[in-house]
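Numbering (this note's numbering), first residue to last: 1344 to 1805.
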């Protein structure tokens, strides 16, 4: 049952409401009980004051005879459910208390002889609940008297018991109503969540274009639905990129495989001389090398996406790395008739993954040489700043259209697909370069325009 959010919300609602109700009921009960007892004490005090005043008047009327004055006072003042006694020291002048209470009354007046203040106490013997008594000392004619007024507590106890019964019955009844109301409130509040979960359950890889219904985008559930819709949009884009990636990868792998199979079929179709076999094997070797490069690049990016390619950080000189990369690409530059020039002026120490940065540099140089015609030039330089070092690869190639610049770092993206396939390469070089730069907390930017060459800038924090 507690696996349901509605049940847990209802339980918490009832617990909190019960604690609040309990915190309200207990002080209320205490205050009501105290108020009732205070009202009894006030009523007894008023009755004692009235009796004392009447007693003093009667004494004057009977010329100082306290016994006759006390008897006449009790005859004049007959209060319902109230017992009155007038005492002088340990003698009871007049009383309508039960005879069984006279010994207790004498003990009370004896204990109050030295007390000049009105006192209240609870007496036993007036039934199971007892009685509340007030003792009022007074003087008349140089003598000390006591007026005692008592009221049984049976009615008060019954009132307090009635209040308790009201709380005993009302507390669980109120909790029951709160539980029902809390459950209905939780069900109504969670209804949009259930609707969202049912809609989300119907969304799969084939219908990622569907979105959750957002009734109120400004409340918490609306924001949750908005976040989930954004997640679906990202998943839709990711699935689209994955499908595009698989299609491009299949296309890239199919071309060299078709060449290898075609050359092998031709070579095996009939007997040929050794020179023709050597030529066929050379083509197969080149295409196999191209396949290896594509697979290696795909594996590198897959490991990078999975976070399984940690950086092997070490100290080295970045200018030496750039110079080595330029020297490694000189053969390709000479073959195409392109001037490749490293423009380095000083040693630049750096801490990072030397192998990955070397691969970044080679990929950028390979891309520049690939699209620079014969007679052009490619340069590589370092620019040092206080907190940043920049690697700049500049070429005088055909340039890149403005609409293609934002996409050149995407995987398998090609501006001229037929030419790029002829020139070789996996279509992943610039994507790997961007990953390497970002893995070093840096970035890579491109500035290019048709007919004016391209400028790649790698910014790395020192």
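Glycine is no exception: its CB is placed at the ideal position from the N, C-alpha and C atoms.
DSSP, reduced to helix, strand and coil, places residue 1704 within a helical segment of the structure shown. As computed with DSSP, residue 1486 is found in a beta bridge with 1483. By the CB criterion at 8 angstroms, residue 1733 and residue 1802 fall inside the cutoff.
Closest in C-alpha terms to residue 1435, from the list 1738, 1487, 1460 and 1747, comes 1487. Contact check for residue 1565 against residue 1558 passes: the beta carbons are separated by less than 8 angstroms. As DSSP reads the structure, residue 1349 sits in no beta bridge. Sequence-distant partners of residue 1484 (beyond 5 residues in either direction) whose C-beta falls short of 6 angstroms from its own C-beta, in its chain, are 1407. Counted as a single uninterrupted DSSP element, the alpha helix (DSSP H) harbouring residue 1514 occupies residues 1497-1545. Between residue 1575 and residue 1661, the C-beta spacing is not below 8 angstroms.
A Cβ-Cβ contact shorter than 8 angstroms links residue 1477 with residue 1388. Rounded to whole angstroms, the Cβ separation of residue 1521 and residue 1356 is 7 angstroms, and the two are in contact under 8 angstroms.
Take the alpha-carbon of residue 1467 and the one of residue 1501: they are about 17 angstroms apart. Under the three-state reduction of DSSP, residue 1719 is assigned to coil, being neither helix nor strand.
For residue 1683, no alpha helix (DSSP H) segment is defined; the enclosing uninterrupted segment is the beta strand (DSSP E) at 1682-1686.
Annotation: the continuous beta strand (DSSP E) that includes residue 1791 extends over 1786-1791. The count of Cβ pairs closer than 8 angstroms, one atom from the segment 1699-1709 and one from the segment 1662-1670, reaches three, so the stretches are in contact. Rounded to the nearest angstrom, the gap between the Cα atoms of residue 1430 and residue 1365 is 47 angstroms. About 4 angstroms separates the beta carbon of residue 1529 from that of residue 1349, a gap short enough to meet the 8 angstroms contact definition. Distance from residue 1395 to residue 1481 at the Cβ level is roughly 5 angstroms; contact confirmed, criterion being Cβ atoms closer than 8 angstroms. In the assembly as shown, residue 1479 is a buried residue. Its beta-carbon has 16 or more other beta-carbons within 10 Å. In the three-state reduction of the DSSP assignment, residue 1672 falls in the coil class.
The beta carbons of residue 1719 and residue 1738 sit about 7 angstroms from each other, so the pair counts as a contact at 8 angstroms.
Secondary structure of residue 1473 (DSSP, three-state): strand. Taking C-beta atoms under 8 angstroms as the contact rule, residue 1428 and residue 1438 qualify, at a distance of about 4 angstroms. Distances from the CA of residue 1691 to each of 1400, 1508, 1659 and 1403 were compared; the closest alpha carbon is that of 1659. For residue 1715 and residue 1554, the gap between their C-alpha atoms comes out near 47 angstroms. Boundaries of the alpha helix (DSSP H) around residue 1782: 1772-1782.
Across the set 1532, 1805 and 1787, the C-alpha of 1787 shows the shortest separation from the C-alpha of residue 1799. If you look at residue 1419, you'll find it in the alpha helix (DSSP H) that goes 1409-1419. Taking a contact as a CB-CB distance under 8 angstroms, the pair residue 1492 and residue 1413 does not count as one, their CB atoms being some 13 angstroms apart. Residue 1462 and residue 1455 have their C-alpha atoms some 9 angstroms from each other. Between the alpha carbons of residue 1446 and residue 1360 lies a gap of roughly 53 angstroms. Approximately 7 angstroms separates the beta-carbon atoms of residue 1607 and residue 1627; this is inside 8 angstroms, confirming the contact.
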